[in-house]
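Data block below; observations after.
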């Protein structure tokens, strides 16, 4: 056997102490540490749920209104997210997860209807579907079911032949939580019988989210307003109240009832309605207001009045908000010295000094004519009358029925106030999932194509070559 074939003593031992081995071992240890750190960091981030909502409309973040309404929840609330593994609707799931962060008393539990087929029967008569939600107050046992079709839906616009998708998870779930917490149900009676305007579908949905029941009522055969009435609404009557109706409404108000009256412009005289308003220090200035300073585009009779955000009834508006009303009359107020001491009046909406009240709305002349009045005018006024036993009558008068839903929603919410049980009447709007297309000229398109397709790759190639050449010279 040759010398070269003989095993050299200590060769294996020396290989473990060589520079090459130490370098390799060091690299291996560093690799293991880095992998371990990545795993640990990922686990920590998944537990902490440190995700950020970067959508323009904060689609997956609960609004301030929801957080304010739910932060004082005292009962233990469980939101059961009914869904099978792998069938989660991403939009719905993302929003529902946010409710774990609102209050320590609110918990989200995922429940598989396939694994637990009988679970939902305790709360819902019908069979639930994937991505439905059941909200349960564990203290009282009250529950509210929300279907996935209410939380994620499309509205079809036949006129345009297109549809728009909406996400209403927050609106429906927050409403459901308020519903199970509330023991003080609100009810609005809408007066009929005088060709009044119907409330819009959008406003109806909003009131439903506020957990307010709405029912129409004719006062012709009634001796009084029902005892369960929280708010009486007359929305743009085209004729005057009958004598008996006037008596019923006045009795209701004098006993502490609350109401919103919206006498839109009509040619006929309305002595009975006028008598109710007179009792609360107001009278209607007949005509239609044209606005010289704050009108909507080219329509002088569609105006943008100033909102008195300091009034309690309008407290949900801020200085950036606005409302648009059309064909409004003015509201004249009695002198403060002639008002009874228990009655106070507060302007809610006012026009500018450049506004003009046209006595003849059919006139196309925007200049002042005989009989016309100059502004400013109050177009909405709030009356509060303090009665015995600390009871209070609240009456809001809006001198038109041509109003946006946002005005109605906020005034109704302000009139209803918070429930006696402390629950809120918050309504969260559905969020549109439509997106805006970005358009650019052909010149801009060519320029950005050159930058992204040619210049950026050349820049990266040049940087790489420079690094290679510098290292090669060392």
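In our numbering, the protein residues as written are 6 to 479.
Note that beta-carbon positions come from the ideal geometry of N, C-alpha and C, so glycine has one too.
Check	Outcome
Enclosing alpha helix (DSSP H) for residue 414 [first to last residue]	410-421
Coil, strand or helix - residue 192 by DSSP	strand
Length at least 4, wholly inside the segment 249-308: the alpha helix (DSSP H) runs in chain order	276-284
Buried versus exposed call for residue 450 [16 or more other C-beta atoms within 10 Å across all chains shown]	exposed
Residue 376 - DSSP class collapsed to helix/strand/coil	coil
Any alpha helix (DSSP H) of 4 or more consecutive residues that is wholly inside the segment 165-239	174-186 and 206-214
Secondary structure of residue 458, DSSP reduced to three states	helix
Endpoints, beta strand (DSSP E) assigned at residue 338	335-338
Minimum C-alpha distance to residue 492 - residue among 396, 258, 246 and 249	Any property of residue 492 remains undetermined from this structure, which presents the chain solely from 6 to 479.
CA nearest to the CA of residue 197, picked from 85, 225 and 105	225
Where residue 350 sits in the DSSP three-state scheme	strand
Where residue 372 falls, given that 16 or more other Cβ within 10 Å makes a residue buried	exposed
Closest residue to residue 75 among 151, 40 and 431 (Cα-Cα distance)	431
Status (buried if at least 16 other CB within 10 Å, exposed otherwise) for residue 132	exposed
Cβ distance (whole Å) where residue 386 is taken to contact residue 287 below 8 Å	6 Å
DSSP state of residue 404 mapped onto helix, strand, coil	coil
Beta carbon of residue 81 nearer than 8 Å to that of residue 110	yes
Buried or exposed by the 16-neighbour rule on C-beta atoms within 10 Å, applied to residue 242	buried
Paired residues, beta bridge with residue 146 - DSSP	Answer by DSSP bridge pairing: none, since residue 146 is not bridged.
Endpoints, alpha helix (DSSP H) assigned at residue 73	69-75
Local Cβ density within 10 Å of residue 2, reported as buried at 16 or more and exposed below that	This structure gives no information on residue 2, because the portion of the chain shown stretches from 6 to 479.
First through last residue of the beta strand (DSSP E) which encompasses residue 389	383-391
Inter-residue spacing [alpha-carbon to alpha-carbon] between residue 345 and residue 192	30 Å
Range of the contiguous alpha helix (DSSP H) that encloses residue 319	From DSSP, residue 319 is part of no alpha helix (DSSP H); its letter is neither H nor E.
Sequence ranges, alpha helix (DSSP H) only - wholly within the segment 80-143, length at least 4	95-102
For residue 394, the first and last residue of its enclosing beta strand (DSSP E)	Counting along the chain, residue 394 falls outside any beta strand (DSSP E), and DSSP gives it neither H nor E.
Rounded C-alpha distance that separates residue 349 from residue 412	22 Å
Inter-residue Cα distance where the pair is residue 472 and residue 454	27 Å
Residue 482 - DSSP class collapsed to helix/strand/coil	Absent from the structure is residue 482, since the part of the chain shown begins at 6 and ends at 479.
Cβ pair residue 170, residue 439 closer than 8 Å	yes
Sub-8 Å separation of residue 222 and residue 156 beta-carbons	no
Start and end residues, beta strand (DSSP E) containing residue 364	Here residue 364 belongs to no beta strand (DSSP E), and DSSP marks it neither H nor E.
Where residue 342 sits in the DSSP three-state scheme	helix
Residue 78 versus 85, 99, 86 and 105, residue with shortest Cα-Cα distance	105
Residue range of the unbroken alpha helix (DSSP H) whose run includes residue 370	Segment: none, residue 370 is in no alpha helix (DSSP H) and carries neither H nor E.
Residues near residue 99 by beta carbon distance below 6 Å, same chain, minus five either side	65
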